[in-house]
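**Q**
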Amino acid sequence: MNNKKIFSILDRELLKIENVLLSVVKTDIKISKEISEHIVLKPGKRFRPLLLVLSYLAFNRRVNMKVINSAAAVELLHNASLVHDDIVDLASMRRGQKTANVIWGDHASVLAGDFLLSKSLWLVNKVNNFRVMDTVTNAASELANGQILDMSLSKSPSSFNLNLYYKMISLKTASLLSSCSEVGAIIANADSGKIRKMKNFGFNLGMCFQIVDDLLDFTGSSDNLGKKPLQDLSNGKITLPLIIALEKARKKDFSKATLILNNSKFDSKNIDFLYNLILKEDAIEDSRKVLNKFTNKALNNISFLEDNDYSKSLRYLLEASLTRVN
514 MNNKKIFSIL
524 DRELLKIENV
534 LLSVVKTDIK
544 ISKEISEHIV
554 LKPGKRFRPL
564 LLVLSYLAFN
574 RRVNMKVINS
584 AAAVELLHNA
594 SLVHDDIVDL
604 ASMRRGQKTA
614 NVIWGDHASV
624 LAGDFLLSKS
634 LWLVNKVNNF
644 RVMDTVTNAA
654 SELANGQILD
664 MSLSKSPSSF
674 NLNLYYKMIS
684 LKTASLLSSC
694 SEVGAIIANA
704 DSGKIRKMKN
714 FGFNLGMCFQ
724 IVDDLLDFTG
734 SSDNLGKKPL
744 QDLSNGKITL
754 PLIIALEKAR
764 KKDFSKATLI
774 LNNSKFDSKN
784 IDFLYNLILK
794 EDAIEDSRKV
804 LNKFTNKALN
814 NISFLEDNDY
824 SKSLRYLLEA
834 SLTRVN
């Protein structure tokens, strides 16, 4: 299984999703249209719509507009959250291109993000399924809470610990992926036990996805990151390898590291110190071990599915995420 195979399996469905996305970002407000198209129509990998549609097809082979609209809705919700994240994080690049806030400014961009969020909820409402609406709107609130938690912790980095880290990424990343796989199973009328397993699969996939992103800051290249390596570290962003290193560090190293983080002194000398501390404490390897635990949980969640192209594609989505750091 590979990207080409999955896209060939879902060729018609993905085309319908793209058409829905194209139609919902249309507006006679020129700047709103320009920003929305910049964000939505220069796509990433459409990972979330793929996950939702495949989670549906694992149980039901007849794809209807409820599935298509739901898949487009989660993509819009994801993109809306990225716009807001970029503004909060002062990001200048996303997917290898300038962010909306760099081109149009923060004020216009945050309103464009709100526009995409409203369109997402409009599409979910068209599905006319209370459980789908409940699941997606809950994911939207968790995304926002995750960003708020991240922002508050960034002001006091030394208070970060593993439990808070897991809480944050479960909200910021895993919540939406969890809702994608859950919604697919809900619309397919799977039984409650299978819906729960699909929800858990999406959650554990999301945890893997974020941990991989954290690792890529240390192991990735500019080409596959769309940003410079060590950029998260340079910006004082608290990632899993850094948290593990801090928890293992000796008192002297811990004191120096927390002083750097709390004072936001990220010159080259201090970045070198933090990076070498991560290497000294084997924090990258320990992070890989944590990643393997969530990977095994995700695989176990979908072990009940029949062995076919759709279950293979779900496993491939997980494997493709992992290979970015292997």
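With this note's numbering as the guide, the letters of the sequence shown map in order to residues 514 to 839.
Positions of the beta carbon are idealized from the N, C-alpha and C atoms, including for glycine.
Predicted, not measured: the structure shown is a model, and the values here were computed from it.
(1) Applying the 10 Å Cβ sphere with the 16-neighbour rule, what's the burial state of residue 647?
(2) Taking 8 angstroms as the threshold (C-beta atoms), are residue 584 and residue 530 in contact?
(3) My parser needs the beta strand (DSSP E) runs of 3 or more residues fully inside the region 667-703; what are they?
(4) My assumption, with CB atoms under 8 angstroms, is that residue 690 sits in contact with residue 561. Please give the rounded CB distance.
(5) With hydrogens ignored, establish whether the beta-carbon of residue 799 is closer than 7 angstroms to any heavy atom of the ligand MG.
(6) Between which two residues does the alpha helix (DSSP H) holding residue 538 run?
(7) For residue 563, which option in 696, 788, 772 has the closest C-alpha, if you only look at C-alpha atoms?
(8) Taking 8 angstroms as the threshold (C-beta atoms), are residue 758 and residue 796 in contact?
(9) Going by the CB atoms, is the gap between residue 746 and residue 772 shorter than 8 angstroms?
(10) Report back the beta-carbon spacing between residue 552 and residue 629 to the nearest angstrom; my notes put them in contact at under 8 angstroms.
(11) Please state the DSSP three-state secondary structure of residue 764.
(12) Is it buried or exposed for residue 756, if we count other Cβ within 10 angstroms and need 16 for buried?
(13) Please determine if the region 585-599 and the region 620-634 are in contact, where contact requires at least 3 C-beta pairs separated by less than 8 angstroms.
(14) DSSP three-state label for residue 709, please.
(15) First and last residue of the alpha helix (DSSP H) that includes residue 807?
(16) Buried or exposed, going by whether 16 or more other CB atoms sit within 10 Å of the CB of residue 735?
(17) Tell me whether the beta-carbon of residue 727 lies closer than 8 angstroms to the beta-carbon of residue 752.
(18) Around the Cβ of residue 597, are there at least 16 other Cβ atoms within 10 angstroms (buried) or fewer (exposed)?
(19) Can you check DSSP and say which residues form a bridge with residue 840?
(20) How should residue 723 be labelled, buried or exposed, when 16 other C-beta atoms within 10 angstroms of its C-beta is the threshold for buried?
**A** On the basis of the supplied data:
(1) Here residue 647 refers to the residue found at position 134 when the sequence shown is read from its first residue. Burial call: exposed.
(2) Here residue 530 refers to the residue found at position 17 of the sequence shown. Here residue 584 refers to the residue found at position 71 of the sequence shown. In this structure, residue 584 lies closer than 8 angstroms to residue 530 by Cβ.
(3) Taking only runs of at least 3 residues, no beta strand (DSSP E) segment lies wholly in the region 667-703.
(4) Sequence index remark: in the sequence shown, residue 690 carries index 177 (1-based). Sequence index remark: in the sequence shown, residue 561 carries index 48 (1-based). Cβ atoms of residue 690 and residue 561 come within 8 angstroms of each other, at about 7 angstroms.
(5) Inclusion of the ligand MG in the displayed structure is not the case, the ligand content being empty and no account of it being possible.
(6) Looking up residue 538 in the sequence shown gives position 25. Unbroken run through residue 538: none, as it is neither H nor E.
(7) Taking the sequence shown and counting its residues from 1, the one referred to as residue 563 is at position 50. Looking from the CA of residue 563, the closest CA among 696, 788, 772 belongs to 696.
(8) Your numbering for residue 796 matches position 283 in the sequence shown. Your numbering for residue 758 matches position 245 in the sequence shown. Yes. Within cutoff.
(9) If you number the sequence shown from 1, residue 772 lands on position 259. If you number the sequence shown from 1, residue 746 lands on position 233. No Cβ-Cβ contact shorter than 8 angstroms links residue 772 with residue 746.
(10) Against the sequence shown, residue 552 aligns to sequence position 39. Against the sequence shown, residue 629 aligns to sequence position 116. Contact annotation, residue 552 with residue 629: C-beta distance approximately 7 angstroms; criterion of less than 8 angstroms satisfied.
(11) One-based indexing of the sequence shown puts residue 764 at position 251. The answer is helix: DSSP assigns residue 764 an H, G or I state.
(12) In the sequence shown, counting from the first residue as 1, residue 756 sits at position 243. Buried: at least 16 other Cβ atoms inside 10 Å.
(13) Using a C-beta cut-off of 8 angstroms, the region 585-599 makes contact with the region 620-634, since at least three inter-stretch Cβ pairs fall below that distance.
(14) Numbered from 1 along the sequence shown, position 196 holds the residue referred to as residue 709. Three-state DSSP puts residue 709 in a helix.
(15) To locate residue 807, count along the sequence shown from 1; it is residue 294. That run of the alpha helix (DSSP H) goes 796-814.
(16) What you label residue 735 is simply residue 222 of the sequence shown in a count that begins at 1. Unreliable positioning characterises residue 735 in this predicted model, as indicated by a pLDDT of 46, which lies under 50. The coordinate reading is nonetheless provided below. Exposed is the call here.
(17) On the sequence shown, position 214 is the one that residue 727 refers to. On the sequence shown, position 239 is the one that residue 752 refers to. Yes, Cβ-Cβ distance for residue 727 and residue 752 is below 8 angstroms.
(18) What you label residue 597 is simply residue 84 of the sequence shown in a count that begins at 1. The residue is buried, with at least 16 neighbouring Cβ atoms inside 10 Å.
(19) The structure shown does not extend to residue 840, since the chain spans only 514 to 839, so no value can be given for it.
(20) Looking up residue 723 in the sequence shown gives position 210. The residue in question, residue 723, is buried, as its Cβ has 16 or more Cβ neighbours within 10 Å.
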